[in-house]
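Participant: Please see the structure below; I have some questions.
There are 2 protein chains.
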Amino acid sequence: MRILHTADWHLGKMFYGDYLTDEQEYVLKEQFLPLLKDEGIEAVVLSGDVYDRSLPPAAAVELFDEIATKVTAELHIPFLVISGNHDSASRLSFGSALLARQGLYIAGDLDKLTGPVILRDDAGPVAFVLLPYAEPADVRHFLSDETIHDHQKALEALCAFQSRGCDDMRAVCVSHVFASGGVSSDSERPLSIGGTDMIDSAVFDRFQYTALGHLHGPQQVGRPEVRYAGSLLKYSFSEATQKKGAVLVDLADNGQVSSRFISFTPRHDVRILKGSFHDIMEREDDRTGDYVLARIDDTEPVLDGMARLRKKYPNAMALESPRRRISDHAGDRDFNIRGTTEEELFSSFAGAMRPEQPLSEKETDCLHQLWDALRKEEGGGIL
Amino acid sequence: MRILHTADWHLGKMFYGDYLTDEQEYVLKEQFLPLLKDEGIEAVVLSGDVYDRSLPPAAAVELFDEIATKVTAELHIPFLVISGNHDSASRLSFGSALLARQGLYIAGDLDKLTGPVILRDDAGPVAFVLLPYAEPADVRHFLSDETIHDHQKALEALCAFQSRGCDDMRAVCVSHVFASGGVSSDSERPLSIGGTDMIDSAVFDRFQYTALGHLHGPQQVGRPEVRYAGSLLKYSFSEATQKKGAVLVDLADNGQVSSRFISFTPRHDVRILKGSFHDIMEREDDRTGDYVLARIDDTEPVLDGMARLRKKYPNAMALESPRRRISDHAGDRDFNIRGTTEEELFSSFAGAMRPEQPLSEKETDCLHQLWDALRKEEGGGIL
Numbered sequence: 032m033r034i035l036h037t038a039d040w041h042l043g044k045m046f047y048g049d050y051l052t053d054e055q056e057y058v059l060k061e062q063f064l065p066l067l068k069d070e071g072i073e074a075v076v077l078s079g080d081v082y083d084r085s086l087p088p089a090a091a092v093e094l095f096d097e098i099a100t101k102v103t104a105e106l107h108i109p110f111l112v113i114s115g116n117h118d119s120a121s122r123l124s125f126g127s128a129l130l131a132r133q134g135l136y137i138a139g140d141l142d143k144l145t146g147p148v149i150l151r152d153d154a155g156p157v158a159f160v161l162l163p164y165a166e167p168a169d170v171r172h173f174l175s176d177e178t179i180h181d182h183q184k185a186l187e188a189l190c191a192f193q194s195r196g197c198d199d200m201r202a203v204c205v206s207h208v209f210a211s212g213g214v215s216s217d218s219e220r221p222l223s224i225g226g227t228d229m230i231d232s233a234v235f236d237r238f239q240y241t242a243l244g245h246l247h248g249p250q251q252v253g254r255p256e257v258r259y260a261g262s263l264l265k266y267s268f269s270e271a272t273q274k275k276g277a278v279l280v281d282l283a284d285n286g287q288v289s290s291r292f293i294s295f296t297p298r299h300d301v302r303i304l305k306g307s308f309h310d311i312m313e314r315e316d317d318r319t320g321d322y323v324l325a326r327i328d329d330t331e332p333v334l335d336g337m338a339r340l341r342k343k344y345p346n347a348m349a350l351e352s353p354r355r356r357i358s359d360h361a362g363d364r365d366f367n368i369r370g371t372t373e374e375e376l377f378s379s380f381a382g383a384m385r386p387e388q389p390l391s392e393k394e395t396d397c398l399h400q401l402w403d404a405l406r407k408e409e410g411g412g413i414l
Numbered sequence: 032m033r034i035l036h037t038a039d040w041h042l043g044k045m046f047y048g049d050y051l052t053d054e055q056e057y058v059l060k061e062q063f064l065p066l067l068k069d070e071g072i073e074a075v076v077l078s079g080d081v082y083d084r085s086l087p088p089a090a091a092v093e094l095f096d097e098i099a100t101k102v103t104a105e106l107h108i109p110f111l112v113i114s115g116n117h118d119s120a121s122r123l124s125f126g127s128a129l130l131a132r133q134g135l136y137i138a139g140d141l142d143k144l145t146g147p148v149i150l151r152d153d154a155g156p157v158a159f160v161l162l163p164y165a166e167p168a169d170v171r172h173f174l175s176d177e178t179i180h181d182h183q184k185a186l187e188a189l190c191a192f193q194s195r196g197c198d199d200m201r202a203v204c205v206s207h208v209f210a211s212g213g214v215s216s217d218s219e220r221p222l223s224i225g226g227t228d229m230i231d232s233a234v235f236d237r238f239q240y241t242a243l244g245h246l247h248g249p250q251q252v253g254r255p256e257v258r259y260a261g262s263l264l265k266y267s268f269s270e271a272t273q274k275k276g277a278v279l280v281d282l283a284d285n286g287q288v289s290s291r292f293i294s295f296t297p298r299h300d301v302r303i304l305k306g307s308f309h310d311i312m313e314r315e316d317d318r319t320g321d322y323v324l325a326r327i328d329d330t331e332p333v334l335d336g337m338a339r340l341r342k343k344y345p346n347a348m349a350l351e352s353p354r355r356r357i358s359d360h361a362g363d364r365d366f367n368i369r370g371t372t373e374e375e376l377f378s379s380f381a382g383a384m385r386p387e388q389p390l391s392e393k394e395t396d397c398l399h400q401l402w403d404a405l406r407k408e409e410g411g412g413i414l
């Protein structure tokens, strides 16, 4: 059976204030759909984060509807989808019982899980074990198992529940987790604070192939048969050098797996330009429509830099001058914003505004609560 | 063919701060679903306003999913649904092409309209012409017809488009409009400001039956074959005396139609209690779980009335004393709040706060813009 493993579409994602829906549509229609036909794909897997948020914009819903309809009703390929931490499980799984009869299998709400989806090839059945993203507390409640308190245990229990009845079959697992050993980027949200979100990939040992979602860089975890497909597009400048695409997986009759990564080429790439402002502006470049971040090494301020940059690169997103000397009350500040926590950043700001009085313990607590609340709100549950 | 016509479910509706989802679930599961079986229904129609807002709460989405799945996959009855002015057409029509193959026909997005849905009985085909609620500007754009500027023209054009190919068949129209002659309640949103939303029901002359949604009181418009089913529950105290239920429609082989209204009995009724506060508290009543508004005729203030009322009626929603004498700076005010426009209400408030200076024209304009913006925001488009 030939399977295409894709993940982290994040339809309706905003990137520096613009919706990327047109870019997502381009890659899905011009590259993803033709690939399904050209490569004779027999099952498509989408490992979570279909949308970028629990209430996606209408255009994103329309796009997913169109693509899902084309895959199943026009190309007649079964399409297996789980909800990720960015999705609303309930909203994503509307109509799932009816849609499954049309070959669109969506696993979101725990209440609606029905065990493995069994597809077939000449050699017999292949079980697809769909494990939608779920908070440990929800799995504890769903399975009435009071011993479940972390992501590891929750995943093991959910996996046992969803695998029932397919012990002797070839099986593919679809899961949206942070597997330990995986490398993250800036645009994933942590699944929980403090690292308890990490799961040990040994839980996937039983499967011939495990199609993971969550991390945006395509990568294997431990062995080549446990793999992140990575995101559909580059969703942050930290992903500028990552490849984007999908994994083509061949599951042989005997359960052997071989896989290869197939790259998608976006209409507009996400790139970081380096050098002096002058060099960047003078340099020849035939992809000026790309989303660029100019990280210039000028030490003197560049007057009206962003506006000038946009004349050459209309989709320029940011201009950074990490080496620029700033003389202000606090002296030269040259710290790495990306490498600091919210707490450090805010403390530094508070220190500049109120130098005589550092943040009290109570204030720090209050900030943590606020950040937690904001993250929860944005994530429709835990992040 | 035996058809059940229902409308205006408003799943996820809030009533004085509480979600009515449990009440809606009760009526749908205990009365609506059994009725389908008991009466041998062959098609179910839901004439818009499935949800109460364009982004319904997850529990409302789950409830509609469950009901729609039961109707089509368990009872094997075709279910025809249009989006109303409260729904998001795009969100409601997710998966519509796939769901149609399972007997769930959802018409929302104009882009996805595909002409009439043809069902059959022993006498031959019956065309269901689904006309989702749409703003005139959207229909103008969709049909590229620059002459469309009002609801009347938009509906005519959309009806012609959706009726194509079914001239010689028996036909049922499903529409969500304010037909002239209909009587409104407090809980419908006007479709546009100033009355241009009214449409002439002559547009439905060609149909054997027209299943309307929007007005919450069940009623016929002109002839008995053009009918509002009314809402699933009482959604405002102005609906306290209305019946709630669905219309059972028998469409004979020769196109003759007979219909009868079937009442649903909610778990908790919506009632207005009248009399003195003392009488209401002393009176025997075995339905104290109802949602009640106590409209008392006391002229003296009742101390802590709401709390005392709630001891007897835990779901009491409001206490009104229209005859109570209030002496304040502005003298006795005894006007009917329900009968006044926003403009009158605000003018009266502004007059009390700033008696020396009536609202200027500029201020009034600003208020109108604000109200318009708020209404649009809440309605996901025009109200």
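Protein chains in written order, with our numbering: chain A, 32 to 414; chain B, 32 to 414.
Every residue gets a Cβ at the ideal spot worked out from N, C-alpha and C, and that includes glycine.
Model, not experiment: these values are computed from the prediction.
Distance, Cα to Cα, B:G155 vs B:D198?
Facilitator: As a working mapping, residue 155 of chain B is identified with position 124 in the second sequence. As a working mapping, residue 198 of chain B is identified with position 167 in the second sequence. If I take the Cα positions, the gap works out to 14 Å.
Participant: How is the beta strand (DSSP E) around A:F292 delimited, first residue to last?
Facilitator: Residue mapping note: residue 292 of chain A aligns to position 261 of the first sequence, counting from 1. A:F292 -> beta strand (DSSP E) spans V288 to S294.
Participant: Short check: CB of A:F209 to CB of A:H180, under 7 Å?
Facilitator: Numbered from 1 along the first sequence, position 178 holds the residue referred to as residue 209 of chain A. Numbered from 1 along the first sequence, position 149 holds the residue referred to as residue 180 of chain A. Contact: no.
Participant: In whole angstroms, what separates the C-alpha of B:G43 from that of B:H182?
Facilitator: Position 12 of the second sequence holds residue 43 of chain B. Position 151 of the second sequence holds residue 182 of chain B. So the alpha carbons of these two residues sit roughly 27 Å apart.
Participant: Helix, strand or coil: which one does DSSP assign to A:A120?
Facilitator: Here residue 120 of chain A refers to the residue found at position 89 of the first sequence. Note: A:A120 maps to helix in three-state DSSP.
Participant: Once DSSP output is grouped into helix, strand and coil, what is the label at B:D169?
Facilitator: Position 138 of the second sequence, counting from 1, holds the residue named residue 169 of chain B. B:D169: helix per DSSP, three-state reduction.
Participant: Restricting to Cα atoms, I'd like to know which of A:E315, A:S294, A:K184 and A:Q250 is closest to A:I230.
Facilitator: Numbered from its first residue, the first sequence carries residue 230 of chain A at position 199. With distances taken between Cα atoms, A:I230 lies closest to A:K184.
Participant: Given A:K60, which residues of its chain have a CB within under 7 Å of its CB, disregarding the five upstream and five downstream residues?
Facilitator: Numbered from its first residue, the first sequence carries residue 60 of chain A at position 29. None.
Participant: So, for B:E373: in the same chain, excluding its five sequence neighbours on each side, which residues have a beta-carbon less than 7 Å away from its beta-carbon?
Facilitator: On the second sequence, position 342 is the one that residue 373 of chain B refers to. Within the same chain, B:E373 has close Cβ partners W402.
Participant: Under 7 Å, Cβ to Cβ, is there at least one residue of chain B near A:Q183?
Facilitator: Residue numbering aside, residue 183 of chain A sits at position 152 when the first sequence is read from its first letter. Chain B, which has no Cβ nearer than 7 Å to the Cβ of A:Q183, makes this no.
Participant: Under 7 Å, Cβ to Cβ, is there at least one residue of chain A near B:M32?
Facilitator: Position 1 of the second sequence, counted from the start, is the residue given in the question as residue 32 of chain B. Not closer than 7 Å to any Cβ of chain A, the Cβ of B:M32 fails to qualify, so no.
Participant: At which residues does the alpha helix (DSSP H) containing B:C190 begin and terminate?
Facilitator: Walking along the second sequence from the start, residue 190 of chain B turns up at place 159. It spans H182 to Q193 - the alpha helix (DSSP H) in which B:C190 sits, taken as one unbroken run.
Participant: Taking three-plus beta-carbon pairs below 8 Å as touching, is the segment 114-133 of chain A in contact with the segment 76-94 of chain A?
Facilitator: yes
Participant: For A:V170 versus A:L189, is the C-beta spacing smaller than 7 Å?
Facilitator: As a position in the first sequence, residue 170 of chain A is number 139, starting the count at 1. As a position in the first sequence, residue 189 of chain A is number 158, starting the count at 1. Yes, these two residues count as a Cβ contact at 7 Å.
Participant: Can you list the residues of chain B that A:F110 reaches, using a CB-CB cut of under 8 Å?
Facilitator: For this step, residue 110 of chain A is matched to residue 79 along the first sequence. Ordered by position in chain B, no residue passes the 8 Å Cβ test against A:F110, which lies about 10 Å from the chain.
Participant: Within 7 Å (strictly less), CB to CB, does A:T100 reach chain B?
Facilitator: Indexing the first sequence from 1 puts residue 100 of chain A at position 69. Yes, contact with chain B.
Participant: Could you work out which residues of chain A lie near B:A89, taking near to mean beta carbons separated by less than 7 Å?
Facilitator: In the second sequence, residue 89 of chain B corresponds to position 58, counting from 1. Within 7 Å Cβ-Cβ: S119, S121 and R122.
Participant: Should B:D217 and B:S267 be called a contact, given that it needs their Cβ atoms to be closer than 7 Å?
Facilitator: As a first step, residue 217 of chain B is located in the second sequence; it is residue number 186 there, counting from the start. As a first step, residue 267 of chain B is located in the second sequence; it is residue number 236 there, counting from the start. Yes, the pair counts as a contact, with Cβ atoms nearer than the cut-off.
Participant: Out of curiosity, what's the CA-to-CA distance linking A:T178 and A:L324?
Facilitator: Within the first sequence, residue 178 of chain A is the residue found at index 147, counting from 1. Within the first sequence, residue 324 of chain A is the residue found at index 293, counting from 1. Near 47 Å, if we compare the C-alpha coordinates of A:L324 and A:T178.
Participant: Counting only beta-carbon separations shorter than 7 Å, does B:F173 have a partner in chain A?
Facilitator: Here residue 173 of chain B refers to the residue found at position 142 when the second sequence is read from its first residue. Answer no: the Cβ-Cβ gap between B:F173 and chain A never drops below 7 Å.
Participant: Give the straight-line distance between the Cα atoms of A:R237 and A:S391, rounded to the nearest whole angstrom.
Facilitator: The sequence position of residue 237 of chain A within the first sequence is 206, counting from 1. The sequence position of residue 391 of chain A within the first sequence is 360, counting from 1. About 51 Å.
Participant: Assuming A:L94 contacts A:T52 under a Cβ cut-off of 8 Å, what Cβ separation, rounded to an integer in Å, is found between them?
Facilitator: On the first sequence, residue 94 of chain A is found 63 positions in, with the first residue counted as 1. On the first sequence, residue 52 of chain A is found 21 positions in, with the first residue counted as 1. Right, their Cβ atoms sit about 6 Å apart.
Participant: Please identify, using Cβ separations under 7 Å, the residues of the segment 122-138 of chain B that lie next to chain A, in order along the chain.
Facilitator: The segment 122-138 of chain B vs chain A, Cβ under 7 Å: R122, F125, G126, A128, L129, L130, R132, Q133 and L135.
Participant: For chain A, check one thing: does any of its Cβ atoms lie closer than 7 Å to the Cβ of B:E219?
Facilitator: For the purposes of this step, residue 219 of chain B is taken as the residue at position 188 of the second sequence. With 7 Å as the cut-off, B:E219 does not count as an interface residue toward chain A.
Participant: Could one say the Cβ of B:L42 lies closer than 7 Å to chain A's Cβ atoms, at least one of them?
Facilitator: For the purposes of this step, residue 42 of chain B is taken as residue 11 along the second sequence, with counting starting at 1. With 7 Å as the cut-off, B:L42 does not count as an interface residue toward chain A.
Participant: So which residues on chain B does A:V81 lean against when the C-beta distance must stay under 7 Å?
Facilitator: Start at 1 with the first residue of the first sequence, and residue 81 of chain A comes out as number 50. Within chain B, no residue comes near A:V81; the closest Cβ sits about 11 Å away, beyond 7 Å.
Participant: Can B:M32 and B:D152 be called in contact, C-beta distance under 7 Å?
Facilitator: Taking the second sequence and counting its residues from 1, one reaches residue 32 of chain B at position 1. Taking the second sequence and counting its residues from 1, one reaches residue 152 of chain B at position 121. In this structure, B:D152 lies closer than 7 Å to B:M32 by Cβ.
Participant: Compare the C-beta of B:A104 against all C-beta atoms of chain A and say whether one is closer than 7 Å.
Facilitator: Within the second sequence, residue 104 of chain B is the residue found at index 73, counting from 1. So, interface residue.
Participant: Taking the straight line between their C-alpha atoms, what separation do you get for B:M312 and B:G336?
Facilitator: Taking the second sequence and counting its residues from 1, the one referred to as residue 312 of chain B is at position 281. Taking the second sequence and counting its residues from 1, the one referred to as residue 336 of chain B is at position 305. Between B:M312 and B:G336, the C-alpha separation is close to 10 Å.
Participant: Give me the Cα-Cα distance between A:Q388 and B:P386, rounded to the nearest whole angstrom.
Facilitator: Counted from its first residue, the first sequence places residue 388 of chain A at position 357. Counted from its first residue, the second sequence places residue 386 of chain B at position 355. Cα atoms of A:Q388 and B:P386: separation of roughly 48 Å, rounded to the nearest angstrom.
Participant: Starting from the beta carbon of A:D53, find every residue of chain B whose beta carbon is closer than 9 Å, and list them in chain order.
Facilitator: Numbered from its first residue, the first sequence carries residue 53 of chain A at position 22. Under the 9 Å cutoff, chain B gives no residues; its nearest Cβ is about 16 Å from A:D53.
Participant: Check the DSSP bridge columns for A:H36 and list the partner residues they point to.
Facilitator: The residue given as residue 36 of chain A occupies position 5 in the first sequence. BP columns for A:H36 point to A:V76 and A:V278.
Participant: Against chain A, does B:D93 count as a neighbour if the rule is that its beta carbon must be under 7 Å from one of theirs?
Facilitator: Taking the first residue of the second sequence as 1, we reach residue 93 of chain B at position 62. Before going on, a small fix: residue 93 of chain B reads as Glu here, not Asp. Output row for B:E93: interface = yes.
Participant: Cβ closer than 8 Å: which chain A residues qualify as neighbours of B:L86?
Facilitator: What you label residue 86 of chain B is simply residue 55 of the second sequence in a count that begins at 1. What B:L86 touches in chain A: L86.
Participant: With a 10 Å radius around its C-beta and 16 neighbouring C-beta atoms as the bar for buried, classify A:G213 as buried or exposed.
Facilitator: Taking the first residue of the first sequence as 1, we reach residue 213 of chain A at position 182. So A:G213 ends up on the buried side.
Participant: Between which two residues does the beta strand (DSSP E) carrying B:L255 extend?
Facilitator: Within the second sequence, numbered from 1, the residue matching residue 255 of chain B stands at position 224. Residue identity check: residue 255 of chain B is Pro in the sequence provided, not Leu. Its beta strand (DSSP E) spans residues R254 to Y259.
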